[in-house]
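A.B. asks: Sharing a structure, written as structure tokens. Questions coming.
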DNA sequence: CATGTTATCTAAGCGTTGTTCAGATGGATC
DNA sequence: GATCCATCTGAACAACGCTTAGATAACATG
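Below, the structure written as structure tokens:
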């Protein structure tokens with residue numbers, strides 16, 4: 001993370017677009033999503049409130065850029081989790097745990113990622129080609145073998161993704177704290193829930 | 207739905223709290239969550255912008271009231287779905303379909319429900335006692351029989367709930383439209399995804 | 001019935017937000 | 001060196017959440 005904070009103040013501010021996105025992520029991490037106003041971002045970047053409009057059409061477009069960075073980071077996290085495991089079933093669970101962990105570690109960013117995806121015609125790029133979504137599908141495909149149909153594969157991926165997203169959003173609910181403690185921590189809790197989801201039921205049975 | 211819209215304008219406006227919540231739901235349904243400002247609610251209810259503050263501490267508390275109505279409505283929807291089915295497994299699927307359908311039919315309200323629950327110490331009442339959450343747990347308990355432990359039951363409920371919530375949030379993504387059409391409609395799509403989730407894997411195997 | 005108390009509502013205002021626009025600034029091009 | 005164009009600023013607008021002071025009407029008490 002190369003923070004280019006208040007290092008003097010250049011003439012025209014070399015690369016504002018990037019500085020703005022970084023400022024946004026900084027605010028997001030420290031003060032939460034509620035504090036993420038365009039003016040605050042401009043303030044953090046050290047420019048006037050109108051400056052961002054020369055780089056982004058509106059606030060939404062800035063958030064889109066932030067969200068995109070989030071998807072890239074999630075991509076990397078899933079890639080790492082997939083490579084760190086050998087067994088098919090464990091790989092699937094690890095993928096799920098990595099997904100939820102990412103959401104838990106970057107809650108505000110995760111929120112922005114989905115808020116931006118909603119009400120858009122297409123899914124974010126990262127869920128289409130070479131992205132996180134495909135990583136999940138490929139993992140499932142590898143585990144399921146050749147006998148699985150294209151439709152079943154797609155459905156299983158969607159099911160797994162929805163389960164992960166649901167758990168990612170809800171695992172922060174404080175009502176679950178006691179259960180987590182009972183199971184021995186966050187990760188044990190996540191694994192237990194994923195185990196009960198039985199994403200592989202379809203293929204285990206058939 | 208007894209709308210008490212512009213029927214003259216009383217002296218002190220008989221029951222503003224209720225009128226405000228109804229106005230909020232009306233705005234939510236027609237203009238979406240982005241248009242839901244306190245001032246807009248007051249306008250819709252025909253009172254001054256400051257009037258709501260005599261009934262709700264702040265905007266968040268108004269949304270809490272709206273969210274509460276949402277949970278009650280979801281409760282009823284799940285109750286109906288549970289009674290309309292006899293077989294255990296089908297009952298579980300129907301419950302899931304009813305849940306997601308509710309979210310799809312009231313997307314803005316559903317959003318408010320979860321936005322209000324987040325960052326709160328406790329889950330909403332409706333997820334605790336006699337509420338939707340318990341309906342799911344009871345259904346699972348009935349299907350699983352006596353041999354299931356308390357922890358497994360809780361985990362299975364959480365798993366099912368997360369899957370439902372995830373699908374509820376994502377089933378609106380337009381990227382899935384083609385798959386939905388291929389499967390023959392929204393409900394067929396939902397059932398297919400739930401089938402691939404295999405919520406009962408744990409009990410089917412054991 | 002007159003009086004005072006209390007709940008409710010309005011009017012006006014503060015600080016903040018997203019966004020626009022006219023004008024200043026300065027790097028790049030001829 | 002004059003011109004051009006991207007970039008940035010300052011000021012402004014409407015709308016927002018929220019507060020305060022004061023009006024209004026229901027209610028309770030004498």
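Residue numbers (this note's numbering), protein chains in the order written: chain A, 1 to 206; chain B, 207 to 412.
We treat Cβ as the ideally placed atom computed from N, Cα and C, and that holds for glycine.
#1: According to the Cβ coordinates, are residue 371 of chain B and residue 169 of chain A closer than 8 Å?
#2: Which stretch, first to last residue, makes up the alpha helix (DSSP H) that contains residue 83 of chain A?
#3: Which two residues bound the contiguous alpha helix (DSSP H) that contains residue 397 of chain B?
#4: Looking at the C-beta of residue 193 of chain A, does it have a partner C-beta in chain B at a distance below 8 Å?
#5: Of all the CB atoms in chain A, is at least one closer than 8 Å to the CB of residue 361 of chain B?
#6: Between the beta-carbon of residue 403 of chain B and the beta-carbon of residue 163 of chain A, is there less than 8 Å?
#7: With a Cβ-Cβ cutoff of 8 Å, do residue 297 of chain B and residue 288 of chain B count as a contact?
#8: With H, G and I counted as helix, E and B as strand and the rest as coil, what does DSSP make of residue 242 of chain B?
#9: For the region 170-193 of chain A, which residues have a CB atom closer than 9 Å to at least one CB atom of chain B, in sequence order?
#10: DSSP three-state call for residue 344 of chain B: helix, strand or coil?
#11: Determine the direct distance from the alpha carbon of residue 339 of chain B to that of residue 4 of chain A, and round the result to whole angstroms.
#12: Would you verify that the beta carbon of residue 252 of chain B is, or is not, closer than 8 Å to some beta carbon of chain A?
#13: Anyone know if the C-beta pair for residue 341 of chain B and residue 396 of chain B falls short of 8 Å?
#14: Just confirm the distance between the C-beta atoms of residue 155 of chain A and residue 399 of chain B, as a whole number of angstroms; I'd bet it's less than 8 Å.
#15: With H, G and I counted as helix, E and B as strand and the rest as coil, what does DSSP make of residue 311 of chain B?
#16: Just the chain A side, please: which residues come within less than 7 Å of residue 365 of chain B by C-beta, in chain order?
#17: Whole angstroms is fine: what's the gap from residue 144 of chain A's alpha carbon to residue 382 of chain B's?
#18: If the cut is a Cβ gap below 7 Å, which residues of chain B does residue 75 of chain A touch?
#19: In terms of residue numbering, what span does the alpha helix (DSSP H) encompassing residue 17 of chain A cover?
#20: With 16 other CB atoms within 10 Å as the buried threshold, where does residue 384 of chain B fall?
#21: Nearest-angstrom Cα distance between residue 23 of chain A and residue 16 of chain A?
#22: Can you tell me whether residue 185 of chain A is buried or exposed, with buried defined as 16 or more other CB within 10 angstroms of its CB?
C.D. replies: According to the structure data:
#1: yes
#2: Judged by DSSP secondary structure, residue 83 of chain A falls within the alpha helix (DSSP H) whose first and last residues are 59-83.
#3: 392-403
#4: yes
#5: yes
#6: yes
#7: yes
#8: coil
#9: 170, 171, 172, 173, 174, 175, 176, 179, 182, 183, 189, 192, 193
#10: helix
#11: Confidence in residue 4 of chain A is poor, its pLDDT being 38 and thus under 50, which makes the residue's placement unreliable; the coordinate value appears in the next sentence. Going by the C-alpha atoms only, they are around 47 Å apart.
#12: no
#13: no
#14: 6 Å
#15: helix
#16: The answer, in chain order, is 193, 196, 197.
#17: 22 Å
#18: Here the premise fails: no neighbours, minimum Cβ distance about 17 Å.
#19: 16-31
#20: So residue 384 of chain B counts as exposed.
#21: Here the alpha carbons of residue 16 of chain A and residue 23 of chain A stand approximately 10 Å from one another.
#22: Exposed is the call here.
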